[in-house]
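Heads up: the protein sequence lines correspond to chains P and D, in order.
In the working numbering, each residue's number is its place in the first sequence (first place is 1) plus 58.
In the working numbering, each residue's number is its place in the second sequence (first place is 1) plus 58.
Cβ atoms here follow ideal geometry from the backbone N, Cα and C, with glycine treated the same way.
Protein chains: 2
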Amino acid sequence: MNETIALMKRHRSIRKYADQPVSEEHIRQAVRAGQAASTSAAIQACCLIRITDEARRRRLAELAGNQTKVARSGAFFIVCGDTRRHRLIAAREGKPYKTRLEGFLLAVIDASLFAQNLVLAFESLGYGICYIGALRNNLPEVDRLLGLPEGVFPLFGLCVGVPAEEPLQRPRLPLEAVLLEEQYPADEEVLGLVDAYDATYRAYLEQRGAEPEAWSAAMAGMFDRPRRGDIGGYYREKGADLS
Amino acid sequence: MNETIALMKRHRSIRKYADQPVSEEHIRQAVRAGQAASTSAAIQACCLIRITDEARRRRLAELAGNQTKVARSGAFFIVCGDTRRHRLIAAREGKPYKTRLEGFLLAVIDASLFAQNLVLAFESLGYGICYIGALRNNLPEVDRLLGLPEGVFPLFGLCVGVPAEEPLQRPRLPLEAVLLEEQYPADEEVLGLVDAYDATYRAYLEQRGAEPEAWSAAMAGMFDRPRRGDIGGYYREKGADLS
Chain P
59 MNETIALMKR
69 HRSIRKYADQ
79 PVSEEHIRQA
89 VRAGQAASTS
99 AAIQACCLIR
109 ITDEARRRRL
119 AELAGNQTKV
129 ARSGAFFIVC
139 GDTRRHRLIA
149 AREGKPYKTR
159 LEGFLLAVID
169 ASLFAQNLVL
179 AFESLGYGIC
189 YIGALRNNLP
199 EVDRLLGLPE
209 GVFPLFGLCV
219 GVPAEEPLQR
229 PRLPLEAVLL
239 EEQYPADEEV
249 LGLVDAYDAT
259 YRAYLEQRGA
269 EPEAWSAAMA
279 GMFDRPRRGD
289 IGGYYREKGA
299 DLS
Chain D
59 MNETIALMKR
69 HRSIRKYADQ
79 PVSEEHIRQA
89 VRAGQAASTS
99 AAIQACCLIR
109 ITDEARRRRL
119 AELAGNQTKV
129 ARSGAFFIVC
139 GDTRRHRLIA
149 AREGKPYKTR
159 LEGFLLAVID
169 ASLFAQNLVL
179 AFESLGYGIC
189 YIGALRNNLP
199 EVDRLLGLPE
209 GVFPLFGLCV
219 GVPAEEPLQR
229 PRLPLEAVLL
239 EEQYPADEEV
249 LGLVDAYDAT
259 YRAYLEQRGA
269 EPEAWSAAMA
279 GMFDRPRRGD
289 IGGYYREKGA
299 DLS
């Protein structure tokens, strides 16, 4: 196994960080590596906002469901979809700026490919990371705090820092559930793989000293009602066309 | 610079491939590396469909705007958002399956983080790759060809193979346009960075022997009307709630 694949397979999200900063040089290296990821037709529809102000980080930690790591990791970033540049260019050239869902999707994919390179670059430099999806718990408040202009919208947060824990790795679905040949399998086959995974998942939770719950039970409890409120309304307000 | 960062910085999309397959063992290694990426609350809302049937690959190549590489790369995959497992689990447990835009967004982010790990794993093994966003040109036709069930929807294609070209690297926006401190910069500052990048981008196209066009001109021509039609309508039909 080569070093890059080994690095990916060592990944686990880090939720406790040492009280040490992330070096400026490392941040620049990681962002350059992030930028090297593919981007649809070079549109590069994303940006990264580093938050250093301590009061702001504490407020963001609250908004993300009281996750103290948001305030305490070596560095904290917000990954945004960024269609601002294209809008400013269109306005300057007297052209319309029009997309439908495709424009939003391009920004989300660009931002995610960028972020995953960024994350692996940080991990390759010895840092740990944690994506903060809970930043979407209250997007209008996050937006007010940052004063973002039209066309720039947070997708997720990112904690980076020197790890102060070595958590167990959470197991993944069986390979056969994810790598499919030619077509999507029948329902019984999918549920059979879910059952096999449930056992693995329960064993992992037990080993971690947590309440052993099947993965499928966790999932059934996660999608029984909409979460995170009207995030579509927020994105539309920032100019995203979700139609 | 460590090997992982060096690998990322060597990335360029490969559009011509040698007539050589991608080894089964490498595919399995790369998918495992893909699965190791972060996934929000372990939902793992994505899957990868490998298309080997030649007639199907030729049809997909046509549907993606006549991109022959889709039929001719060593391997061709379709990266899908996959909410099928969660739906089947909910049905089995007699619970509702309900999300709003958050559910779709989770799937797109999960699939993209997975795909970027997958891509880097393939690149680390000596292959070249090209994301095929144009698979979204005609999603209903792609869907009919694959016979996908409710809750599974293609996001992009992926060509993988032994490179048969060494293209120039397309330059990226200046670091300062992407790595922001505390807040989003003023419009004039953004446009100043765009102007600097326009010159770099034009020089790159010239060097490649292409018509030298400023990046901003390319972007203004890309967003002056919606592209790829009613992709939102397709995703909604597959069960995605975009509200």
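Count the other CB atoms, across all protein chains shown, that sit within 10 Å of the CB of residue i; report buried if there are 16 or more and exposed otherwise.
i              : result
D253 (chain P) : exposed
N175 (chain P) : buried
M59 (chain D)  : exposed
P212 (chain P) : buried
F152 (chain D) : It is Gly, not Phe, that sits at residue 152 (chain D) in the sequence shown. Label assigned to G152 (chain D): exposed.
T126 (chain P) : exposed
R142 (chain D) : buried
R145 (chain P) : buried
N124 (chain D) : exposed
P270 (chain D) : exposed
K296 (chain D) : buried
P225 (chain P) : exposed
T62 (chain P)  : buried
G161 (chain P) : buried
D111 (chain D) : exposed
D77 (chain P)  : exposed
G209 (chain P) : buried
G92 (chain P)  : buried
R86 (chain D)  : exposed
R266 (chain D) : exposed
S81 (chain D)  : exposed
R68 (chain D)  : exposed
R150 (chain D) : exposed
A64 (chain D)  : exposed
A268 (chain D) : exposed
G279 (chain D) : exposed
P207 (chain D) : buried
E240 (chain D) : exposed
P154 (chain P) : exposed
E246 (chain D) : exposed
Spell out the partners DSSP gives residue i in its beta bridges.
i              : result
F214 (chain P) : P:V137
R108 (chain D) : P:E239, D:F135
Y75 (chain P)  : P:P221
Does chain A have any CB closer than 9 Å to the CB of residue i?
i              : result
A119 (chain P) : Absent from the structure: chain A. Protein chains present are P and D.
Anything in chain D within Cβ reach of residue i, meaning under 7 Å, just list it in chain order.
i              : result
V128 (chain P) : In chain order: nothing, as chain D lies at least about 15 Å away.
A91 (chain P)  : I63, M66, K67
V220 (chain P) : Those do not exist, as V220 (chain P) stays about 17 Å from chain D at its closest Cβ, beyond 7 Å.
R143 (chain P) : V248, V252
L263 (chain P) : Under the 7 Å cutoff, chain D gives no residues; its nearest Cβ is about 11 Å from L263 (chain P).
Give the residues of chain P in contact with residue i, contact being defined as C-beta atoms less than 7 Å apart.
i              : result
G290 (chain D) : R158, L159, L300, S301
G267 (chain D) : Going along chain P, no residue has its Cβ under 7 Å from G267 (chain D), so there is no contact; the nearest lies around 17 Å.
S182 (chain D) : N60, T62, I63
For residue i, go through chain D and note every residue whose CB falls closer than 8 Å to its CB, in chain order.
i              : result
Q87 (chain P)  : M59, I63
D201 (chain P) : The premise fails here: D201 (chain P) is roughly 11 Å from chain D at the closest Cβ pair, so nothing lies under 8 Å.
A122 (chain P) : By Cβ distance, chain D contributes nothing, its closest Cβ being about 13 Å from A122 (chain P), past 8 Å.
G205 (chain P) : Q241, Y242
At a cut-off of 8 Å, would you count residue i as near the ligand ZN, judging by its Cβ distance to the nearest heavy atom?
i              : result
R158 (chain P) : With respect to small molecules bound, the structure shown includes none, and the ligand ZN cannot be examined in it.
By the criterion of Cβ-Cβ separation under 9 Å, what are the contact partners of residue i in chain D?
i              : result
S170 (chain P) : V166, I167, D168, A169, S170, L171, A173, Q174
S71 (chain P)  : S96
R116 (chain P) : Per Cβ cutoff of 9 Å: no residues; R116 (chain P) is ~15 Å from chain D at best.
A133 (chain P) : Going along chain D, no residue has its Cβ under 9 Å from A133 (chain P), so there is no contact; the nearest lies around 11 Å.
What residues of chain P sit near residue i, judged by a beta carbon separation below 8 Å?
i              : result
S98 (chain D)  : Y189, G191
L197 (chain D) : The contacting residues do not exist; L197 (chain D) stays about 11 Å from chain P at best.
D77 (chain D)  : Going along chain P, no residue has its Cβ under 8 Å from D77 (chain D), so there is no contact; the nearest lies around 21 Å.
A179 (chain D) : T62, I63, M66
R260 (chain D) : Residues of chain P passing the Cβ test: none, with the nearest at roughly 13 Å.
A148 (chain D) : M277, A278, F281, D282
List, in order along the chain, the chain P residues whose C-beta lies closer than 9 Å to that of residue i?
i             : result
V80 (chain D) : Residues of chain P passing the Cβ test: none, with the nearest at roughly 12 Å.
Report task. Report the residue ranges of all alpha helix (DSSP H) runs contained in full by the stretch 176-241 of chain P; include only those spanning at least 4 residues, in chain order. Result -> If we require 4 residues or more, the alpha helix (DSSP H) runs fully inside the stretch 176-241 of chain P come out as 197-204, 233-236.
Query raised in the report: Taking Cβ-Cβ distances below 7 Å as the criterion, which residues of the stretch 225-243 of chain P are in contact with chain D?
Result: R228, R230, L231, L233, V236, L237, L238, E239, E240, Q241, Y242
Requested in this report: Compile a chain-ordered list of the residues in the stretch 150-164 of chain P whose CB is closer than 8 Å to at least one CB of chain D.
Outcome: R150, E151, K153, P154, Y155, K156, T157, R158, L159, E160, G161, L163, L164
**Report entry** Interfacial residues, the stretch 102-114 of chain P to chain D, with Cβ spacing under 9 Å
**Finding:** Q102, C104, C105, L106, I107, R108, I109, T110, D111, R114
Query raised in the report: Going along the chain, which unbroken runs of the alpha helix (DSSP H) with 4 or more residues stay wholly within the stretch 248-294 of chain D?
Result: 273-280
Report task. With 9 Å as the C-beta to C-beta threshold (strictly closer), list the residues of the stretch 272-285 of chain D near chain P in chain order. Result -> W273, S274, A275, A276, M277, A278, G279, M280, F281, D282, R283, P284, R285
Report task. Could I get the ranges of all uninterrupted beta strand (DSSP E) runs contained in the stretch 147-171 of chain P, with 3 residues as the minimum, in chain order? Result -> Counting only runs of 3 or more, we get nothing.
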